[in-house]
Structures are given as C-alpha cells and as structure tokens.
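Asker:
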Amino acid sequence: MNIIITISITAFVVLYAGLFKAKKALLPLTVVGLLTALGFTFSAWNGNAVHFGMMQTDNFALAFSGICIVGTLLIFLLTQNYFHAKSDNIAEYYTLILFALAGMIMMVSYKNMAMLFVGLEIMSVSLYILAGIRKTDFASNEASLKYFLMGAFSTGFLLFGITLIYGATGSFDLDKIQAYLVNNQAVSPIFYPGVILMMIGLSFKVGAAPFHFWTPDVYEGAPSLITTFMSTVVKTAGFAAFLRLFADAFAPLHEFWVAPLMVIVCLTLFIGNVTALFQKNFKRMLAYSSISHAGYLLFSLIVLTKNSGNNVLVYAAAYTFASIIAFAVLILVKQKTGSDSFESFNGLAKRNPLVALCLTIAMLSLAGIPLTAGFIGKYLMFLNVMTEYKTLLVAFAILNALVGFYYYFRVIVAMWFKDGVETELSTPSQYKVVLLVSVAITLVLGIYPAIILNLI
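Just so we're aligned: 77 in my numbering is position 77 of the sequence shown, and the numbers increase by one with no gaps anywhere.
1) Alpha carbons only, please: which of 204, 248, 130 and 80 is nearest the one belonging to residue 226?
2) Counting Cβ pairs closer than 8 Å, one from the stretch 384 to 399 and one from the stretch 325 to 342, do we hit at least three?
3) Using a 10 Å radius around the Cβ and a threshold of 16 neighbouring Cβ atoms, would you call residue 424 buried or exposed?
4) Between 281, 125, 456 and 232, which lies nearest to residue 322 when the distance is taken from Cα to Cα?
5) Which of the three DSSP states is assigned to residue 112 in this structure?
6) May I have the straight-line CA-CA distance separating residue 397 from residue 369, to the nearest angstrom?
7) Can you give me the start and stop residues for the alpha helix (DSSP H) that residue 55 sits inside?
8) Return helix, strand or coil for residue 429, following the three-state DSSP convention.
9) Can you give the Cα-Cα distance for residue 394 and residue 7, rounded to whole angstroms?
10) Identify, in the order they occur along the chain, each residue of the same chain with its Cβ nearer than 7 Å to the Cβ of residue 280, setting aside the five sequence neighbours on each side.
11) For residue 306, does the count of other Cβ atoms within 10 angstroms reach 16, so buried, or fall short, so exposed?
12) Under 9 Å, do residue 264 and residue 208 count as touching if we go by C-beta distance?
13) So, do the stretch 6 to 20 and the stretch 92 to 107 have three or more beta carbon pairs nearer to each other than 8 Å?
14) Identify, in the order they occur along the chain, each residue of the same chain with its Cβ nearer than 6 Å to the Cβ of residue 75, setting aside the five sequence neighbours on each side.
15) Using only the alpha-carbon positions, how far apart do residue 67 and residue 308 sit?
16) Would you call the stretch 170 to 183 and the stretch 110 to 118 touching, i.e. three or more CB-CB distances under 8 Å?
17) Mind checking whether residue 331 and residue 78 have CB atoms under 9 Å apart?
18) Since residue 107 and residue 249 are thought to touch, with beta carbons under 8 Å apart, how far apart are those beta carbons, to the nearest angstrom?
19) Unbroken alpha helix (DSSP H) runs of length 4 or more, entirely within the stretch 127 to 191: which are they?
20) Near residue 3, what residues of its chain come up, given a Cβ to Cβ distance below 7 Å and the 5 sequence neighbours on each side ignored?
21) Quick check on this structure: which residue in 428, 454 and 320 has the alpha carbon closest to the alpha carbon of residue 355?
22) Please name the residue or residues paired with residue 281 in a DSSP beta bridge.
23) Taking contact to mean at least 3 C-beta pairs separated by less than 8 Å, is the stretch 434 to 446 in contact with the stretch 295 to 302?
24) Which ranges would you report for the alpha helix (DSSP H) in the stretch 201 to 229 if only whole runs of at least 4 residues count?
25) Can you name the start and end residues of the alpha helix (DSSP H) that residue 403 belongs to?
26) In three-state terms, what does DSSP make of residue 385?
27) Per the contact definition of three or more C-beta pairs closer than 8 Å, is the stretch 361 to 380 in contact with the stretch 314 to 321?
28) Excluding the 5 residues preceding and the 5 following residue 412 in the sequence, name in chain order all residues of the same chain whose CB lies nearer than 7 Å to its CB.
29) How many Å lie between residue 533 and residue 23 at the Cα?
30) Can you say whether residue 283 is buried or exposed, counting buried as having 16 or more other CB atoms within 10 angstroms of its CB?
31) Would the stretch 216 to 223 and the stretch 160 to 170 be scored as touching if the rule is three or more Cβ pairs under 8 Å?
32) Give the DSSP-derived three-state secondary structure of residue 50 in the structure shown.
33) Compare the beta carbon distance of residue 161 and residue 195 with 9 Å and say whether it is the shorter of the two.
34) Taking the alpha carbon of residue 289 as the reference point, which residue from 311, 407 and 16 has its own alpha carbon closest?
35) For residue 297 and residue 315, which I take to be in contact (beta-carbon distance under 8 Å), what is that distance rounded to the nearest angstrom?
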C-alpha cells in the first residue's frame, strides 16, 4: 500500500511543481519518488502476505511492482529534452505516467475483481490521454481515439464478465470465487460465459490476437516514449493481472478455459510474427513483435504450476528491458534522421558502435538467442507446456520463433553490414545509463536467471 501512496504523492508533487514552472525539478522529484517506492518494495519482501481489504501485498505483487517501477524509472531517464520538444507543459507527461504506474501496482496487487477494474481504468485513462497528448499531430490523435474506443469496448467485455461471475458466486473476492468452484460440483451456467468474457477483455488489454487490432496503429501514432511505456511496463502489469485472476480464482475450471486460450495463443503467435515480417517501419515491427510476445507470455496459463508466476516474471523482465533498449535507440535514430524505417539504421555501427552493440543484444534477446534473457524466458515457457499433446503447441511456437529471427536480424544486418549516412550519432549520458543498465540486466538474466527465477 505504501508503494501506491508514494507514487500517487509523487504524481501530485510533480504536477504542482509544473504549475510553478519548476521544470528542472520534475525529473529529480520523479526519480526520488520512484526510488522511494522501490525501497518500500524491498522492505516488504519475503514477509507474510499482507491484506489491505481488496488488495494483497505478497511476493508476487512485490516482484512485478519492482519490474514496473524499474522499467518506468529507466523510461523517465530517456525524457532528457524529449518532452521539452513536444510540449511546454511537460509536468502533464510525468504526472500521467505516474498515475498509470499507480494503476498498474493496483493491478498486480488486487485480490478483488472490483480493484482489478479500478486499477485497470486508472492506467487506461492515463494512457488514452498520453497517446493523444500531441494535439497538433493527427497520427497521435488517431492513436488516442482508436485506443479509447477499443479500450472502452474491451472494458465492456470485462465488466460483463465480472457481473456474471458475481451473479454466480455472490462475491468479487478471488479466494471466495475459487472456494465456490472447489466446493460446488454444479457450477452456475452463467459462470462459464463470465470467464470467457473476462478472458476476451484482458486479451484486448494485453494485445493478444484476435483482439490486437488497436496495437500497431496506437504504438505507431503515440509519441515513441509513450509507446515504450505501453509496450513494456503496461504489458508486464497486464499479464501479471491476467495470471493472478486465472491462477488464483479460475484454476479449478482450467480444463474449460484452456482450449479457447490455446486458440488465442496460436493466433497471437502466427499473426504477430507473420505480420511483422512485412513491416518496413521499425516502430511498427516492434508493435507486431509485442503481439507475438503476448502469445509466449500466455503459455504460462496453459499449464498452471507453482512456477507459472516465476516464468512470467523472467519473460516479462527479459522483454521489458530488451524493448526499452530498442525504443531508446529508435528515439536517438529518429531524432537524427527524422525516420524510423529500417533504412535509417543503415551503418549505425560505424556512427555509434556502443548504441549498435546495445541494440544488437536487444534484438538477440527478443529473438531468443542463448546467453540472453529472452532465450531463458522462451525456454521456461516452452518447458512449462512440454507435456502430452501440448508438445505440438511448443513445436508451433518454435516455428514462429524462427520466423521472428528474420525481422530481428534484419535490423542487425542494417546496422553492421549496410552503408548509411556518414554522420556521427551522439548519445546523451542518460541514454548511455539506460542502455548499459538494460543490457547488463539482459545478459545477467541470460547467464544466471536464478537471480529472479525463484522470487515468487
């Protein structure tokens, strides 16, 4: 609870600092607030689960809160001169991101479906505004409108599902819902469509197919730094919420909902990877890539084990930090060339070897090459479902992963083996910190994943 309070207070302090034109104080205040929240995360670690009414602080919540806070902190370090070029009222950006983060902490800590909805809406409303915050940019306006309409549509599915489940069980509490399923052989008929509707609603939020249509346009139209936030930290919180709901409440009905989930997984992997092949825009490729990674993350729900939470945590960390590297480099390249096409990365290794090396490691991790965190994440997900008929699903996923090699290595080839404009690409010090920290995490998790493998 202290984590949410700290982040919320930081958001208000930053907002009022912006009103008093203290622009230089915004980033330091934000960093201090996030570090304080991270401190509360560590201080509560390995204690007994603490209930706060409709929320619970346990190792699951703390682990995912830590990933979200660290990811957000790194993204804030990329704001040097970025928000200043977009608007004079940069405190709005900081405040909305912090409020979205507060909503995400609620999403990973809830024990009551009402709190899941509240956290989801706090996050979503903040993101609707952030996606369209460049009011003079038509692409940003379009992204915001599409995100809002599709988000509202998916929220309807989620709420209808919550209503049906409440009608069947008489409770929003996850433990009471699970107890209802365990203690009643004859489950109410309205419970089953409630589960499916909630699955659809959450699939919209995490960008899983066939509910992914908003993702490419929103990611492309939103400011790149906001896209970074949406595709990393937001996705991590979404999957943590997804896992907590289905593992803690709906696990007794696993045989019922696993079949539609497997269909969603197969569609997500196929559509995400195949569509990414045909992209000429690096940012749009990352959008379709994020769809495919949603498919891999859903593997954790196909076979529920005591390690499902740890597997999601490792994969989410691997994807988050590799994607932060990719978007950070994209921002630097686009500021220099004015383009985010693959051709704009030509010859990057000659212009800035450090940046090219960092992006290469990120692409290798996203592709799932050994000695990177991405490989460990995929390995754990595949190992989790390597039983009985599900080996066919693993084979299908591996084939799709091989497809992903093409579009990830396309960037590497452009940087190292193609000639580009012979102009030096400078790297601000804060960008170097973000790149090096993210690369270090990616490599350490790839070589020694036990650091976070048994946290939950």
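Glycine residues also receive a C-beta, built at the ideal position from the N, C-alpha and C atoms.
Answerer: Here's the rundown:
1) For the purposes of this step, residue 226 is identified with residue 226 of the sequence shown, where counting begins at 1. That would be 130, whose Cα lies nearest to the Cα of residue 226.
2) no
3) Residue numbering aside, residue 424 sits at position 424 when the sequence shown is read from its first letter. The residue is exposed, with fewer than 16 neighbouring Cβ atoms inside 10 Å.
4) Counting from 1 along the sequence shown, the entry for residue 322 is found at position 322. Per the Cα distances, 232.
5) The sequence position of residue 112 within the sequence shown is 112, counting from 1. Note: residue 112 maps to strand in three-state DSSP.
6) As a first step, residue 397 must be located in the sequence shown, where it is residue number 397. As a first step, residue 369 must be located in the sequence shown, where it is residue number 369. Approximately 15 Å between the Cα atoms of the pair.
7) The sequence position of residue 55 within the sequence shown is 55, counting from 1. Unbroken run through residue 55 is the beta strand (DSSP E), 55 to 57; no alpha helix (DSSP H).
8) Working through the sequence shown from its first residue, we reach residue 429 at position 429. Looking at residue 429 - three-state DSSP - the assignment turns out to be helix.
9) The residue labelled residue 394 in the question sits at position 394 within the sequence shown. The residue labelled residue 7 in the question sits at position 7 within the sequence shown. So the two alpha carbons sit approximately 40 Å from each other.
10) Mapped onto the sequence shown, residue 280 falls at position 280. 341 and 342, listed in sequence order.
11) Locating residue 306 in the sequence shown gives position 306, counting from the first residue. Counting Cβ neighbours within 10 Å, residue 306 comes out exposed, since fewer than 16 surround it.
12) In the sequence shown, residue 264 corresponds to position 264, counting from 1. In the sequence shown, residue 208 corresponds to position 208, counting from 1. In this structure, residue 208 lies closer than 9 Å to residue 264 by Cβ.
13) Inter-segment contact for the stretch 6 to 20 and the stretch 92 to 107 is present: three or more beta-carbon pairs are separated by less than 8 Å.
14) Taking the first residue of the sequence shown as position 1, residue 75 is located at position 75. For residue 75, where only same-chain residues beyond five positions count, the Cβ hits under 6 Å are 228 and 229.
15) The count along the sequence shown starts at 1 and reaches residue 67 at position 67. The count along the sequence shown starts at 1 and reaches residue 308 at position 308. In this model, residue 67 and residue 308 are separated by some 16 Å (Cα to Cα).
16) yes
17) Reading the sequence shown from its first residue, position 331 is the one you call residue 331. Reading the sequence shown from its first residue, position 78 is the one you call residue 78. Yes.
18) Numbered from its first residue, the sequence shown carries residue 107 at position 107. Numbered from its first residue, the sequence shown carries residue 249 at position 249. In fact, because the Cβ distance is near 15 Å, the residues do not count as touching under 8 Å.
19) Taking 4 residues as the minimum length, the alpha helix (DSSP H) runs contained wholly in the stretch 127 to 191 are 138 to 169 and 174 to 183, in order along the chain.
20) Reading the sequence shown from its first residue, position 3 is the one you call residue 3. Once the five neighbours on either side are set aside, the close Cβ partners of residue 3 are 37, 40, 41, 65 and 105.
21) By one-based count along the sequence shown, residue 355 stands at place 355. Selected option, being the one with the closest Cα: 428.
22) Walking along the sequence shown from the start, residue 281 turns up at place 281. Residue 281 is bridged to 341.
23) no
24) 214 to 221 and 224 to 229
25) Counting from 1 along the sequence shown, the entry for residue 403 is found at position 403. Run containing residue 403: 391 to 417, per the alpha helix (DSSP H) assignment.
26) Translated into the one-based positions of the sequence shown, residue 385 becomes position 385. Note: residue 385 maps to coil in three-state DSSP.
27) yes
28) Locating residue 412 in the sequence shown gives position 412, counting from the first residue. Excluding sequence positions up to five before and after residue 412, its CB lies within less than 7 Å of the CB of 360 and 363, all in the same chain and listed in chain order.
29) Lying before the first or after the last residue shown, residue 533 is absent from the chain, which here runs from 1 to 456.
30) Counting from 1 along the sequence shown, the entry for residue 283 is found at position 283. Buried, since its Cβ has 16 or more Cβ neighbours within 10 Å.
31) no
32) As a first step, residue 50 is located in the sequence shown; it is residue number 50 there, counting from the start. In this structure, residue 50 counts as strand in the three-state DSSP scheme.
33) In the sequence shown, residue 161 corresponds to position 161, counting from 1. In the sequence shown, residue 195 corresponds to position 195, counting from 1. Yes, the pair counts as a contact, with Cβ atoms nearer than the cut-off.
34) Position 289 of the sequence shown holds residue 289. Nearest of 311, 407 and 16 to residue 289, Cα basis: 407.
35) As a first step, residue 297 is located in the sequence shown; it is residue number 297 there, counting from the start. As a first step, residue 315 is located in the sequence shown; it is residue number 315 there, counting from the start. Yes, they are in contact, since the Cβ atoms of residue 297 and residue 315 sit about 6 Å apart, within 8 Å.
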